[in-house]
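Novice: Under my numbering, the first residue of the sequence shown carries the number 7, and numbering increases by one thereafter.
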Amino acid sequence: MRFWLVKDDAPSVSFVRGQEVITVHMKRKLGMVKGDRLLVLSAVNEKYQFAETAKIESVFFENLEDDGVISIIGLSETKKLDDLLLDDMLYSLTFVWNTQLPARHFRRGVRLVPEADFNAIVNGSVFLSRSAYFTILGALPEMTRAEFEATEIVGEAQFLETGGINAEHLRARRRYESKLRRLQKYIDEQIISVGIELEKLQRIADELKGDGSLQSVRHSFFDQDSTQRYRWDYQIEAFSGLMNNLEGVRVLDRLQEISEKGAVSEVLKYLENDDDARGSEESFEKMFDEVR
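What follows is the structure, encoded as structure tokens:
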């Protein structure tokens, strides 16, 4: 048995509602057979959602000579899913390896999906820590994100040099809950705390009408190549650019909201205190370990 994902608005796909029939026009014959399972991805209010699942009851092929093959797929046991948005599942699926542009994995009208991913979608199971990690990481400017990822590489190299490290220690470090904690710490120490100090300096400068020369404060969002990087006013301007990068929301308020005061701390607290959540996270960790 294999598992398929079909986008019902793709140019190659025609979904005959009410008749439980899908036709697919492609260059090659699909490998679908009776008994395979199928998921339908539908566009609803400009958002994609997993709409239903079905069993493939029959498959007929019509060759069009130089114009490819039409597959006529009959369905049975159709079951509606509960408003499960694609955006909510992007980082819970093992075949979504491009975490910066995850939507690219859903461009085709028909594709195979691993059984584990099919089950996760049908059950509405979300890999919470991985979803939070990549959502927040993706919201950071490219330079800031790259610096954090560099600290992760260096940190793991140093970790491996520590005596007494075994495979279980390394696996614990690579858990997405651990990654999320390190990302939260990085945001708190390298962005929020420095940004607060720079805003204080801005207020002092406004009062004193200074010339803008001040010893550089080391942080992760000034331009390494700029000859102006040691001026505090340039640093504040760079920090303002970081603010504007996060959808126009003031970065301090936003990052504090998702970091120690809000979403991240709530996610971590939930994972610590809910046995079912921890069990689900462990299952996802094992699932992703198998494809690493």
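C-beta atoms are modelled at their ideal positions from N, C-alpha and C, and glycine is treated no differently.
The structure displayed is predicted, hence computed values, not measured ones.
Okay, do the stretch 129-143 and the stretch 284-292 touch, 3+ Cβ pairs below 8 Å being the bar?
Specialist: Cβ pair count under 8 Å is three or more, so yes.
Novice: Rounded to whole angstroms, what is the Cα-Cα separation between residue 67 and residue 73?
Specialist: Your numbering for residue 67 matches position 61 in the sequence shown. Your numbering for residue 73 matches position 67 in the sequence shown. Between residue 67 and residue 73, the C-alpha separation is close to 13 Å.
Novice: Whole-angstrom Cβ separation of residue 11 and residue 102, contact assumed at under 8 Å?
Specialist: Indexing the sequence shown from 1 puts residue 11 at position 5. Indexing the sequence shown from 1 puts residue 102 at position 96. Not quite, the Cβ-Cβ distance comes to about 12 Å (not below 8 Å), so this is no contact.
Novice: Let me check understanding here. Comparing Cα to Cα, which of 83, 153, 96, 109 lies closest to residue 126?
Specialist: The residue you call residue 126 lines up with position 120 of the sequence shown. Comparing Cα-Cα distances from residue 126 to each of 83, 153, 96, 109, the minimum goes to 96.
Novice: In whole angstroms, what separates the C-alpha of residue 287 from that of residue 70?
Specialist: By one-based count along the sequence shown, residue 287 stands at place 281. By one-based count along the sequence shown, residue 70 stands at place 64. So the two alpha carbons sit approximately 47 Å from each other.
Novice: Within a Cβ cutoff of 6 Å, which residues of the same chain sit near residue 16, ignoring the five residues on either side of it in sequence?
Specialist: The sequence position of residue 16 within the sequence shown is 10, counting from 1. 115, listed in sequence order.
Novice: Check this for me: beta carbons of residue 183 and residue 274, under 9 Å apart or not?
Specialist: Counting from 1 along the sequence shown, the entry for residue 183 is found at position 177. Counting from 1 along the sequence shown, the entry for residue 274 is found at position 268. Contact: yes.
Novice: Just mark residue 193 as buried or exposed, buried being the case when its beta carbon has 16 or more other beta carbons within 10 Å.
Specialist: Walking along the sequence shown from the start, residue 193 turns up at place 187. It counts as buried.
Novice: Using a 10 Å radius around the Cβ and a threshold of 16 neighbouring Cβ atoms, would you call residue 165 buried or exposed?
Specialist: On the sequence shown, residue 165 is found 159 positions in, with the first residue counted as 1. Per the 10 Å Cβ criterion, exposed.
Novice: Taking the alpha-carbon positions, what's the residue 64 to residue 35 distance?
Specialist: For the purposes of this step, residue 64 is identified with residue 58 of the sequence shown, where counting begins at 1. For the purposes of this step, residue 35 is identified with residue 29 of the sequence shown, where counting begins at 1. If you take the alpha carbons of residue 64 and residue 35, they lie about 14 Å apart.
Novice: Do residue 31 and residue 48 have their C-beta atoms within less than 9 Å of each other?
Specialist: Working through the sequence shown from its first residue, we reach residue 31 at position 25. Working through the sequence shown from its first residue, we reach residue 48 at position 42. No, the Cβ-Cβ distance between residue 31 and residue 48 is not below 9 Å.
Novice: Output yes or no for whether 9 Å exceeds the beta carbon distance between residue 38 and residue 44.
Specialist: Within the sequence shown, residue 38 is the residue found at index 32, counting from 1. Within the sequence shown, residue 44 is the residue found at index 38, counting from 1. Cβ atoms of residue 38 and residue 44: closer than 9 Å.
Novice: Buried or exposed: where does residue 55 fall if 16 or more other Cβ atoms within 10 Å of its Cβ makes it buried?
Specialist: As a position in the sequence shown, residue 55 is number 49, starting the count at 1. Its Cβ being crowded by 16 or more others within 10 Å, residue 55 is buried.
Novice: Which same chain residues, not among the five before or five after residue 224, have their C-beta less than 6 Å away from its C-beta?
Specialist: For the purposes of this step, residue 224 is identified with residue 218 of the sequence shown, where counting begins at 1. Residue placement at residue 224 is poorly supported in this model, since its pLDDT is 47, which falls under 50; the coordinates still yield a value, given next. If we look at residue 224 and ignore the five residues flanking it on each side, it has no Cβ neighbours.
Novice: Residue 62 and residue 85 look like a contact to me (Cβ under 8 Å); what is the Cβ gap, rounded to whole Å?
Specialist: Within the sequence shown, numbered from 1, the residue matching residue 62 stands at position 56. Within the sequence shown, numbered from 1, the residue matching residue 85 stands at position 79. About 14 Å separates the two Cβ atoms, so there is no contact after all.
Novice: Looking at the strands, I want to know which residues DSSP matches up with residue 55.
Specialist: The residue you call residue 55 lines up with position 49 of the sequence shown. In DSSP, residue 55 forms a bridge with 48, 91.
Novice: Give the secondary structure of residue 10 by DSSP, where H, G and I count as helix, E and B as strand, and everything else as coil.
Specialist: The count along the sequence shown starts at 1 and reaches residue 10 at position 4. Of the three classes helix, strand and coil, the one that applies to residue 10 here is strand, per DSSP.
Novice: Could you check if residue 77 is buried or exposed, using at least 16 other CB atoms within 10 Å of its CB as the buried criterion?
Specialist: As a working note, residue 77 is residue 71 in the sequence shown. So residue 77 counts as buried.
Novice: Express the C-alpha separation of residue 157 and residue 174 in angstroms, rounding to a whole number.
Specialist: Position 168 of the sequence shown, counted from the start, is the residue given in the question as residue 174. Position 151 of the sequence shown, counted from the start, is the residue given in the question as residue 157. Going from the Cα of residue 174 to the Cα of residue 157 covers about 21 Å.
Novice: Grouping DSSP H, G and I as helix and E and B as strand, with all else coil, what is residue 69?
Specialist: Position 63 of the sequence shown, counted from the start, is the residue given in the question as residue 69. Reduced to three states, the DSSP call for residue 69 is strand.
Novice: Is residue 185 helix, strand or coil by DSSP?
Specialist: If you number the sequence shown from 1, residue 185 lands on position 179. In this structure, residue 185 counts as helix in the three-state DSSP scheme.
Novice: With DSSP collapsed to three states, give me the class of residue 150.
Specialist: Sequence index remark: in the sequence shown, residue 150 carries index 144 (1-based). DSSP places residue 150 in helix when its eight states are reduced to three.
Novice: Going by the CB atoms, is the gap between residue 87 and residue 105 shorter than 9 Å?
Specialist: Position 99 of the sequence shown holds residue 105. Position 81 of the sequence shown holds residue 87. Taking 9 Å as the Cβ cut-off, residue 105 and residue 87 do not qualify as a contacting pair.
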